[in-house]
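Numbering (my numbering), first residue to last: 8 to 282. Glycine residues also receive a C-beta, built at the ideal position from the N, C-alpha and C atoms. Quantities reported herein were computed from a predicted structural model and do not represent experimental measurements. One structure is given below, encoded as structure tokens.
See the structure below:
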């Protein structure tokens with residue numbers, strides 16, 4: 008029996024090793040593809056710098072409404088007329104250019120490879136799940152991915168343009184220009200996207216804690232004051248050191264906390280409905 012258990016454990020290790028190797032190969036191939044398509048990748052990364060949020064909103068109004076003489080058309084013109092500070096991304100040397108190049112390639116390579124990596128993780132865990140757990144595993148997995156993507160999209164289209172324009176406008180009235188390091192900007196942008204993606208998992212974590220009986224919806228409701236304080240501290244740690252980006256993370260997280268209370272309530276009600 009001990010020998011069988013040992014073999015079973017070794018088989019699991021071998022399977023895990025195989026899944027990790029496949030994931031690493033997929034990531035490597037996708038990084039090489041990203042190196043080839045570096046120009047489109049750079050365009051995506053620098054979009055929040057090149058197109059301020061007010062111009063993005065105006066363009067969206069033009070595409071969606073596009074009626075001359077209407078209030079929305081007037082709003083579009085007003086948004087485009089709003090002055091925006093220009094930011095120029097620069098490379099200050101060969102080392103910085105190469106580091107920025109590699110950061111962009113790795114970021115997009117990991118993103119491209121993520122479906123394969125996630126599938127490998129899923130294929131490793133799935134056989135160990137019970138029939139009951141398998142029913143909920145795939146929907147839960149899809150919900151986790153959905154909330155992560157919502158956080159990333161929110162950061163990319165809303166938070167980054169606002170923070171970039173806020174930072175670019177600082178000291179503009181005393182003649183300070185904006186010559187930003189591309190390497191530092193890429194690191195800043197990717198860290199912010201990742202931070203928002205992870206932070207938007209809050210309702211799922213709350214529902215899970217309620218489901219396993221650690222704390223119920225009423226407990227979350229009673230501890231709202233402390234939770235909000237913790238959210239502001241976490242937002243200050245997860246985002247770059249400025250008040251605006253902290254608020255842009257904290258306010259959605261407070262709303263997500265309310266959603267988490269509702270999901271926690273649903274999670275704890277489920278056993279009663281099955282009874």
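Given that a residue counts as buried once 16 or more other Cβ atoms are within 10 Å of its Cβ, and exposed if not, what is residue 219? Counted from its first residue, the chain shown places residue 219 at position 212. Label assigned to residue 219: exposed.
Between which two residues does the beta strand (DSSP E) carrying residue 97 extend? The residue given as residue 97 occupies position 90 in the chain shown. Start and end: 95 to 97.
Beta-carbon proximity check, residue 210 vs residue 270, cutoff 9 Å: By 1-based counting over the chain shown, the position of residue 210 is 203. By 1-based counting over the chain shown, the position of residue 270 is 263. It is a contact, given that the beta carbons lie within the stated cut-off.
Hey, would you say residue 259 sits closer than 9 Å to residue 206, going by beta carbons? The residue you call residue 259 lines up with position 252 of the chain shown. The residue you call residue 206 lines up with position 199 of the chain shown. Cβ atoms of residue 259 and residue 206: closer than 9 Å.
Between residue 268 and residue 224, which are expected to be in contact by the criterion C-beta below 8 Å, what is the C-beta distance as a whole number of angstroms? Your numbering for residue 268 matches position 261 in the chain shown. Your numbering for residue 224 matches position 217 in the chain shown. About 5 Å; that satisfies the 8 Å criterion.
Considering only residues of the same chain and omitting the five flanking positions on each side of residue 23, which have a CB-CB separation below 7 Å? Here the question's residue 23 lines up with position 16 in the chain shown. Taken in chain order, the residues that qualify are 131.
Residue 203 to residue 142, Cα distance in whole Å? Taking the chain shown and counting its residues from 1, the one referred to as residue 203 is at position 196. Taking the chain shown and counting its residues from 1, the one referred to as residue 142 is at position 135. Roughly 29 Å separates the two Cα atoms.
Measuring only the C-alpha atoms, how far is residue 212 from residue 201? Locating residue 212 in the chain shown gives position 205, where the first residue counts as 1. Locating residue 201 in the chain shown gives position 194, where the first residue counts as 1. Those two C-alpha atoms are separated by around 17 Å.
Starting from residue 186 and walking both ways along the alpha helix (DSSP H), at which residues does that stretch end? Here residue 186 refers to the residue found at position 179 of the chain shown. Unbroken run through residue 186 is the beta strand (DSSP E), 186 to 188; no alpha helix (DSSP H).
Suppose you measure from the CA of residue 222 to the CA of residue 273; what does that come to, to the nearest Å? Within the chain shown, residue 222 is the residue found at index 215, counting from 1. Within the chain shown, residue 273 is the residue found at index 266, counting from 1. The straight-line gap from Cα to Cα measures roughly 13 Å.
State the Cα-Cα distance for the pair residue 121 and residue 111, rounded to the nearest angstrom. Position 114 of the chain shown, counted from the first residue, corresponds to residue 121. Position 104 of the chain shown, counted from the first residue, corresponds to residue 111. Near 15 Å, if we compare the C-alpha coordinates of residue 111 and residue 121.
Leaving out five residues on either side along the sequence, give the residues of the same chain with a beta carbon under 6 Å from the beta carbon of residue 214. Reading the chain shown from its first residue, position 207 is the one you call residue 214. The answer, listed in chain order, is 270, 271, 274.
Measure the alpha-carbon distance for residue 133 versus residue 146 and round it to whole angstroms. Position 126 of the chain shown, counted from the first residue, corresponds to residue 133. Position 139 of the chain shown, counted from the first residue, corresponds to residue 146. For residue 133 and residue 146, the distance between alpha carbons rounds to 13 Å.
Residue 36 - DSSP class collapsed to helix/strand/coil: Counting from one through the chain shown, the residue named residue 36 turns up at place 29. DSSP places residue 36 in helix when its eight states are reduced to three.
Between which two residues does the alpha helix (DSSP H) harbouring residue 112 extend? Here the question's residue 112 lines up with position 105 in the chain shown. Taken as a continuous stretch (DSSP letters only), the alpha helix (DSSP H) holding residue 112 covers 101 to 132.
Terminal residues of the alpha helix (DSSP H) in which residue 228 lies: Position 221 of the chain shown, counted from the start, is the residue given in the question as residue 228. Start and end: 224 to 229.
C-beta contact flag for residue 53 and residue 119 at 9 Å: For the purposes of this step, residue 53 is taken as residue 46 along the chain shown, with counting starting at 1. For the purposes of this step, residue 119 is taken as residue 112 along the chain shown, with counting starting at 1. No, the Cβ-Cβ distance between residue 53 and residue 119 is not below 9 Å.
Can you look up residue 16 in the DSSP assignment and give me helix, strand or coil? For the purposes of this step, residue 16 is identified with residue 9 of the chain shown, where counting begins at 1. Reduced to three states, the DSSP call for residue 16 is helix.
Would you mind reading off the limits of the alpha helix (DSSP H) that contains residue 167? For the purposes of this step, residue 167 is taken as residue 160 along the chain shown, with counting starting at 1. Element bounds for residue 167: 167 to 176.
Out of 276, 254, 193, which one is the CA nearest neighbour of residue 115? As a position in the chain shown, residue 115 is number 108, starting the count at 1. Closest option to residue 115, Cα to Cα, is 193.
Quick one, are the C-beta atoms of residue 157 and residue 199 less than 9 Å apart? In the chain shown, counting from the first residue as 1, residue 157 sits at position 150. In the chain shown, counting from the first residue as 1, residue 199 sits at position 192. Not a contact, by the Cβ cut-off of 9 Å.
Taking just the CA atoms, how far does residue 100 sit from residue 39? Here residue 39 refers to the residue found at position 32 when the chain shown is read from its first residue. Here residue 100 refers to the residue found at position 93 when the chain shown is read from its first residue. Rounded to whole angstroms, residue 39 to residue 100 spans 23 Å at the Cα level.
Along the alpha helix (DSSP H) that carries residue 158, what are the first and last residues, could you check? Taking the chain shown and counting its residues from 1, the one referred to as residue 158 is at position 151. Unbroken alpha helix (DSSP H) run through residue 158: 138 to 161.
To the nearest angstrom, how far is it from the Cα of residue 82 to the Cα of residue 93? Start at 1 with the first residue of the chain shown, and residue 82 comes out as number 75. Start at 1 with the first residue of the chain shown, and residue 93 comes out as number 86. Confidence in residue 82 is poor, its pLDDT being 47 and thus under 50, which makes the residue's placement too unreliable to answer from.
I need the straight-line Cα distance from residue 139 to residue 265, nearest angstrom please. Along the chain shown, read from residue 1 onward, the residue named residue 139 stands at position 132. Along the chain shown, read from residue 1 onward, the residue named residue 265 stands at position 258. Looking at the two C-alpha atoms, the distance is approximately 29 Å.
Counting C-beta neighbours from all protein chains within 10 Å, is the total for residue 44 16 or more, i.e. buried, or is it exposed? By one-based count along the chain shown, residue 44 stands at place 37. Residue 44 comes out exposed.
Can you give the Cα-Cα distance for residue 18 and residue 144, rounded to whole angstroms? Looking up residue 18 in the chain shown gives position 11. Looking up residue 144 in the chain shown gives position 137. Those two C-alpha atoms are separated by around 23 Å.
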